[in-house]
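Report on the structure given below.
Residue numbers (this note's numbering), protein chains in the order written: chain A, 1 to 31; chain B, 1001 to 1417.
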């Protein structure tokens, strides 16, 4: 498998909606 | 870094060097604060772990540890026996009191009655939450906070052998539980770090209004490895023993996090419906399941753009083996064909800068010591549903020193990995 590591996730809000079956990325999530 | 145009970032090279003082982010106000845990880099200046227990970042050691984790993930998904180190010449020295787990981020949670605050590594790539527990029957590594003592808590209880919960921890860890009057779990990580101990229940406190009695966790009696001076690990995987599953009734299996771009910054780990409130807009893609790895979060990565131009990578390069998202892996690993295309485009865009020797798994490195600013290409990851992740400038480069700054992506060695 490919792996999306934490370096590339940095500064985004990474949203896990496991029940809803979706994953979100929000730019500027740490600010 | 700043985006000079839609296809480039301009970065002040001195900003690539880790800061030595903590930059606190603004506090979240109102009710949102209740379910947000602060996330900090385990070895950064914001870490609650003791200054004396930190080590200077050694990128080579970080990358070596990262590669061992990736080998372990590949091993688990290919259903082979876990022996990721059998053919490895690599050994990471685990010095007492010295932290090498620099790729990891930590949060603080409360456990027991009365509540004890503990700093835990958070990990979406594993399920079991465990902490070091007295009496440390075999071994506990040195940790920053006092070791948790279940005998001093009024709400701790052991889980019996032969129970459904005991069976489940075996499935989640891949190691059959043992029995010594009570259920004994064992978990082995990709870098040969491990924890063995009693599987029990305890009250977990995430905030004053988010208290979870009878939370199942590992009360570690034999713990070794690269956990720094953290008290243990918070498992956020998909299995039913994970924190996500055990708090599903209240939070609906929704959580989010933000990882700071520097080791001196702060992020958060949040639970429940408040997710999505920190960003102006959240773009969604599908979260997939795959029977090859029930604990992992699979995502439909389909392509990559550099400088706004889509690379010529056949979609099957990604879809044949799949992609997972993991908070515990540092460097993104791509299928060989995808990485080759990315590397080629990146090198072309960086051709005016002098290249230098590779560093561990990173084979595209530059000597930027003679530059005050550098201009690097944008990189966007494309997911199913049209969602694009325009990687922040902090996620494109990784820095050993200004004379060795590398592209922060790597390739898998085998297309089937």
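In this text, a Cβ means the ideal position worked out from N, Cα and C, and glycines have one as well.
- prompt: Can you tell me whether DSSP reads residue 1180 (chain B) as helix, strand or coil?
  reply: strand
Local Cβ density within 10 Å of residue 1114 (chain B), reported as buried at 16 or more and exposed below that: exposed
Buried or exposed (CB count within 10 angstroms, at least 16 for buried), residue 1348 (chain B): exposed
- request: Kindly list the residues whose CB is nearer than 8 Å to the CB of residue 1096 (chain B), restricted to its own chain and excluding five residues on each side of it in sequence; keep chain order.
  value: Per-residue confidence for residue 1096 (chain B) stands at a pLDDT of 20, beneath the threshold of 50, marking its modelled position as unreliable; the derived number appears in the next sentence. Excluding positions up to five away in sequence, the list reads 1141 and 1142.
message: Looking at residue 1333 (chain B): is its Cβ nearer than 8 Å to the Cβ of residue 1411 (chain B)?
response: yes
- prompt: Can you round the beta-carbon distance between residue 1206 (chain B) and residue 1037 (chain B) to whole angstroms, since I take them to be within the 8 Å contact cut?
  reply: 7 Å
field: Neighbour flag for residue 1343 (chain B) against chain A, beta carbons, 8 Å
entry: no
query: Under the three-state reduction of DSSP, which class applies to residue 1343 (chain B): helix, strand or coil?
result: helix
query: Can you give the Cα-Cα distance for residue 1146 (chain B) and residue 1344 (chain B), rounded to whole angstroms?
result: 50 Å
query: So what does residue 1377 (chain B) bridge to, in DSSP terms?
result: B:1008
query: Span of the beta strand (DSSP E) holding residue 1401 (chain B)?
result: 1397-1401
message: If the cut-off is 9 Å on Cβ atoms, which residues from the region 1230-1263 of chain B count as contacting chain A, listed in chain order?
response: 1236, 1238, 1244, 1245, 1248, 1252, 1253, 1254, 1255, 1256, 1257, 1258, 1259, 1260, 1261 and 1262
query: Does residue 1284 (chain B) come within less than 8 Å of chain A when only Cβ atoms are used?
result: yes
task: Look at the alpha carbon of residue 1281 (chain B) and the alpha carbon of residue 1255 (chain B), and state the distance between them as a whole number of angstroms.
output: 16 Å
- prompt: Roughly how many angstroms lie between the CA atoms of residue 28 (chain A) and residue 1259 (chain B), to the nearest whole one?
  reply: 11 Å
- prompt: Using the C-alpha atoms, what's the distance from residue 1309 (chain B) back to residue 2 (chain A)?
  reply: 21 Å
- prompt: Roughly how many angstroms lie between the CA atoms of residue 1284 (chain B) and residue 1158 (chain B), to the nearest whole one?
  reply: 40 Å
query: What number of angstroms, rounded off, separates the C-alpha of residue 1126 (chain B) from the C-alpha of residue 1312 (chain B)?
result: 34 Å
field: Other residues of its chain near residue 1261 (chain B): CB distance less than 7 Å, five sequence neighbours each side excluded
entry: 1392 and 1394
message: Counting beta carbon pairs with one atom in the region 1246-1253 of chain B and one in the region 1211-1224 of chain B, are three or more of them shorter than 8 Å?
response: yes
query: Is the CB of residue 1369 (chain B) under 8 Å away from at least one CB in chain A?
result: no
Interface partners of residue 1318 (chain B) on chain A, CB under 9 Å: 2
query: Hey, does residue 1128 (chain B) have any beta-carbon neighbour from chain A nearer than 8 Å?
result: no
- request: List the whole-angstrom C-beta distance separating residue 1104 (chain B) from residue 1118 (chain B), where the pair is believed to meet the contact cut-off of C-beta under 8 Å.
  value: With a Cβ gap of about 15 Å, residue 1104 (chain B) and residue 1118 (chain B) do not count as contacting.
task: In angstroms with no decimal places, state the Cα-to-Cα distance between residue 1219 (chain B) and residue 1351 (chain B).
output: 53 Å
message: Helix, strand or coil, according to DSSP, for residue 1414 (chain B) in the structure here?
response: coil
- prompt: Beta carbon of residue 1231 (chain B), beta carbon of residue 1132 (chain B): below 8 Å?
  reply: yes
query: Between which two residues does the beta strand (DSSP E) harbouring residue 1469 (chain B) extend?
result: Outside the displayed range of chain B (1001 to 1417) lies residue 1469 (chain B), so it cannot be described from this structure.
- request: Using a Cβ-Cβ cut-off of less than 7 Å, list which residues of the region 1331-1342 of chain B approach chain A; keep chain order.
  value: 1331, 1332, 1333, 1334 and 1335
query: Does the Cβ of residue 7 (chain A) have 16 or more other Cβ atoms within 10 Å, making it buried, or fewer, making it exposed?
result: buried
query: residue 1419 (chain B) and residue 1238 (chain B) look like a contact to me (Cβ under 8 Å); what is the Cβ gap, rounded to whole Å?
result: Outside the shown range of chain B (1001 to 1417) lies residue 1419 (chain B), about which nothing can therefore be said.
field: Neighbourhood of residue 23 (chain A) by C-beta, 8 Å cutoff - its chain only, sequence neighbours within 5 removed
entry: 14, 15, 16 and 17
query: Is it buried or exposed for residue 1012 (chain B), if we count other Cβ within 10 angstroms and need 16 for buried?
result: exposed
- prompt: Using a C-beta to C-beta distance shorter than 7 Å, which residues of chain A count as neighbours of residue 1267 (chain B)?
  reply: 30
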